[in-house]
Each structure stands twice: as structure tokens, then as C-alpha cells.
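Protein chains in written order, with our numbering: chain A, 1 to 158; chain B, 1001 to 1374. For every residue, glycine included, the Cβ atom is placed at its ideal position computed from N, Cα and C. The structure displayed is predicted, hence computed values, not measured ones. Encoded as C-alpha cells, the structure appears first; notes follow it.
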């Protein structure tokens, strides 16, 4: 993928400072902390863009506010903003986020992925595909797609 | 993350699974010793007035990956289930996930539909299953397979947007009889009508299509499309099921509803031409995630299985509104029936018990019994 990048000159943003949690009120080692927005964002912020050597956070494709979570209901929705309206990499980005969350969150979680409203030319079609689990399962049996997704995910596992 | 197929054989519900080198396509469970129960003639009519409960009677844990589908053999107490997990024998036939399976009306053959684009036909030889034929032709993943009532035709459907009809010839031969184009997207399920050679398909394009060969010459055409303009679904339709008489059907969708339809099929039986399907009612507000499966029992209880991990059971209301037609009520909702999405619900054909099988992303198949609480 050397020539013909979708977005030749993406805007790169500063990475947000990693907040250290300082909540020391809970001293029970065995209690389960509810999963919150920051924890989920931490799972996905370092996913690499398929075309550029930057993370989705650096390109502002994802922000902390991209994540809406309700741990009690075991529900999370991630809204991502592709850098350009006709981004054909949007499927890969969406798939990568989904795969990372599937591997990181407890199996009880229901995961919805969508593009930010108004941010993509084929928004409805894209959202439908990203949330059809049979299509996702079949896509993840495609070795080429899997390879691309794994490349996007490798920095986020470090 | 590449899913493979799995084959395993489980003898007797109460025994642990057999070793992996047993053949089979899916996990087959043979069970006996169902509690026999006398049929109560009056029980069906008074369901809503009794306290009913769905009790888990068995949990089948053979699979190591999500279970997509479960199918009861029509004549013997056998359950087939298909999954995305690893296998030994099945790899020789299917190279990717087996998405669904369907028994022939005689109960002797099992058809499996796979993401590898093929449909395999397996014969039950007693202690093992043998692949007697492989149907090729679809361009990509096959999602569903269905036998017609007489077992003379098979239908398959695929993400390639087409529906194929196959003729069952003698000597393990299968011939492609028709390729039906019309859907504009991925076709999720095909189902033959229980008494007539009319084929139904439902799709990612949000519609249900009806295919019929008027002159019975094998030339199938799309004779009806049920879409939003005819009170149809507003998102992907995942499944279809008919009542025993074949004059009503239920469909379920990503739009979070179930819809009931009916047709005057006596018209078709008497040769007066095609009888169109019309919308009867929509059941909404019962599931808050995609409804992946629905099945209409022989004694008129509709089961639904959804991404909210719940099973819903519905029965027709006794209050008959002569203007608007029948309506359906929730009999009960079993929350957290599984720990993850439910992909398939299927009533057992057994007349003695109200047994329901459910298959889930959590890798389990559960058998439930619908009982009255004393």
C-alpha cells in the first residue's frame, strides 16, 4: 500500500496524557470494579490506522468520548470518525475496534460499532455491515482481512 | 481467528462426549428416556391462564466455539448442532464454519451449509455419517439449506444474493434446477413451505421473497416480495417459520420485531392461483437486540431467540378481533437463557413433550421443557 492512500496528509494530534488512576478508597482486593469509559478506551486508543503509522487516537478517529459504556447492562457502543468522508478503510477500522474489544472484554458484553453521524458517505451501509455478526464472522475467516486487522491491532497489545 | 468446523458425537444426553475421532458433521446427541407425558387435550387452549415456566432439562457442552444452529431429526430423537469449532472428519468436506444444518423429511440425510460456499449431504449410517454429495455453485458463504416436504428438492441461499434450487435425483445425485436472483443483498435463510412446493427466502435487504413455479415445470419465479411497503421489516430479516397448517408464518429481524403473516392457502390447493401473504401483526418491545431465530411449534407456540440472551414464547390471543384478525401475546420471556447471543431456537417434533432446543454464541446447546407450574 505505497501509492494511492485515501488520505495523503492526515492531521495528527497529540496523544492525551495517560491518566493514572488514584482512587484509593477501595482496598478490597477481590472486588470487581465496573468497567468504565477510560478502561475501554485504553483497549482501543493504540489501534493503528490501516494506512498511516499513527494510532486511531492520534488521528482523532477515536476519543474517550467515542466510548459509551454501561457495565451493569454489559453494553458498549464505540463511535469512530474516519479522517475523510469516503474512507474505504472504515470497514477495517471498525472491524479492528470490534475484534480488539471482543478479545479484551468479558463475553457478556454486547458491542455496537458505528461511524460518527455525518462523517461518512455510506454511513448506514457501513454501520449495518459492522454490526451484522454473521458478516463479521465470515470476514474474519478471510485471511487477507485478518492479516490487515492483526497489523492494526499489534501496537495496541504492547 | 479462523473458525473451523467441528464434528463430534455424543451418545446419550447424560453421558460425556465421545472422543474427537468419531465421525459426524456436527454434534449429534441421541437421547432416550424423555419423560413421557399424556397428552392433555385442553392444555393448549388454556396456556395463557396457567403459570408456565421454561425449565432447563439438559445442557450440551460439546462445542468449543459459538453454536450457530440446532436441528431436531424429524423421526428419531436426535439433535444435530453446528458450530465454528475445530474438527477432524469435517475438515475433509467443509473448510470453513458450518452455518446451518437441516434433516431431510425421512430423517436419513443431513444437509450442512458452510461458509466455504458448499452444501454437503450426509447419510446416517448408524455409527457414523458419510458425506455422499457436495453441492457447489454459490460464489461465497452459504447461509441456509432447506428440504421441501417430499424431500425431492433442496434449496440453498448465500451472501452472493442468490437462492438455488437443487433436484434430488436417485443414486446420491443432485442437480441444480434453478438459480433465483432477486434479492439485492445477502440471503440469510431459505425455507420451503410445509405442504406446498413454494419457497421462501429472507435477506439482509430487509425483505422476504416468495418463489413459486406456477406451471409446476420447475421454472420458479418471485411471485411476492414482503417489504416495508407491505408492513414488512425495516432491517435484516434473519428467519422464517410456518405453523403446521402452513397458512401462517412468523419472521424475525434485526429491527427487533417478530411479524406474523397469513395467506389463504386453500386457494392455492384448489388451483386458483397464487394466494398472497398479508401482514397480521407485529410483536415489538420484547427483545432489545437482534432476533436471530424463531420457530412455530406444532401446538402453536412461537419461540424466539435473540441477541439479548433471552428466549421469548408467544401464543395467539383468545380474543379474536374480527376486524384486525388474530393477535399474539407473550406467554413468557426467559431472560439470560444463555450467557451470550442465542442463534437458534427449535421445537422438538415430539408430540409428548414441549421440548425446545436453543443454541448460543456461548458454545452451548440447551434443551428446555415448557411446563405448567403447579
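- Listed by position along chain A, the residues whose Cβ is nearer than 8 Å to that of residue 1294 (chain B) form an empty set, because the closest Cβ is around 16 Å away.
- Per DSSP, the beta bridge partners of residue 1142 (chain B) are B:1158.
- Residue burial annotation: residue 82 (chain A) is buried, with at least 16 other C-beta atoms found within 10 angstroms of its C-beta.
- Here residue 18 (chain A) is exposed. Its C-beta has fewer than 16 other C-beta atoms within 10 Å.
- Collapsing the DSSP output to three states places residue 16 (chain A) in coil.
- Taking the CA atoms as reference points, residue 118 (chain A) sits about 11 Å from residue 84 (chain A).
- For residue 147 (chain A), the number of other beta carbons within 10 angstroms of its own is below 16, and it is reported as exposed.
- Between residue 1075 (chain B) and residue 1107 (chain B), the beta carbon gap of about 4 Å places them in contact (Cβ cut-off 8 Å).
- One thing to note: residue 5 (chain A) has its Cβ within 8 Å of the Cβ of residue 51 (chain A).
- Bridge partners of residue 1072 (chain B) according to DSSP: B:1079.
- Under a 10 Å Cβ-count criterion, residue 1220 (chain B) is classified as buried, with 16 or more other Cβ atoms of the shown protein chains found around its own Cβ.
- Where residue 1221 (chain B) is concerned, the enclosing beta strand (DSSP E) starts and stops at 1221–1226.
- Residue 1328 (chain B): member of the beta strand (DSSP E) spanning 1328–1334, first to last residue.
- Beta-bridge partners of residue 1169 (chain B) (DSSP): none assigned.
- At least 8 Å separates the CB of residue 64 (chain A) from every CB of chain B.
- For residue 86 (chain A), there is no enclosing beta strand (DSSP E), since its DSSP letter is neither H nor E.
- Chain-ordered listing is empty here: chain A has no CB closer than 8 Å to the CB of residue 1196 (chain B), the nearest sitting near 29 Å.
- In the three-state reduction of the DSSP assignment, residue 1110 (chain B) falls in the strand class.
- Within a 10 Å sphere around the beta-carbon of residue 11 (chain A) sit fewer than 16 other beta-carbons, which makes this residue exposed.
- For residue 107 (chain A), the neighbours in chain B by C-beta distance under 9 Å run, in chain order, 1339, 1340, 1361 and 1362.
- In this model, residue 112 (chain A) and residue 48 (chain A) are separated by some 20 Å (Cα to Cα).
- By the CB criterion at 8 Å, residue 1156 (chain B) and residue 1112 (chain B) fall outside the cutoff.
- No Cβ of chain B is located within less than 8 Å of the beta carbon of residue 36 (chain A).
- Put simply, the backbone Cα of residue 77 (chain A) is about 6 Å away from that of residue 67 (chain A).
- Against chain A, a Cβ distance below 9 Å from residue 1307 (chain B) picks out 110 and 133.
- Using a Cβ-Cβ cut-off of 8 Å, residue 1141 (chain B) counts as an interface residue toward chain A, since at least one Cβ of chain A sits closer than that to its own.
- Taking a C-beta cut-off of 9 Å against chain A, the contacting residues of the region 1204–1222 of chain B are 1204, listed in chain order.
- Selection B:1340, B:1309 and B:1192 evaluated against residue 1246 (chain B) yields B:1192 as nearest (Cα-Cα).
- Straight through space, the alpha carbons of residue 31 (chain A) and residue 1166 (chain B) are spaced by roughly 58 Å.
- Here residue 97 (chain A) is buried: its Cβ has 16 or more other Cβ atoms, across all protein chains shown, within 10 Å.
- Cα atoms of residue 1293 (chain B) and residue 1254 (chain B): separation of roughly 10 Å, rounded to the nearest angstrom.
- By the Cβ neighbour-count rule, residue 1269 (chain B) is exposed, with fewer than 16 other Cβ atoms within 10 Å of its own.
- Under the DSSP definition of a beta bridge, residue 41 (chain A) lacks any partner.
- When the five nearest sequence neighbours on each side are left out, the beta carbons in the same chain lying within less than 6 Å of the beta carbon of residue 129 (chain A) are those of 135, in order along the chain.
- Between the alpha carbons of residue 125 (chain A) and residue 132 (chain A) lies a gap of roughly 11 Å.
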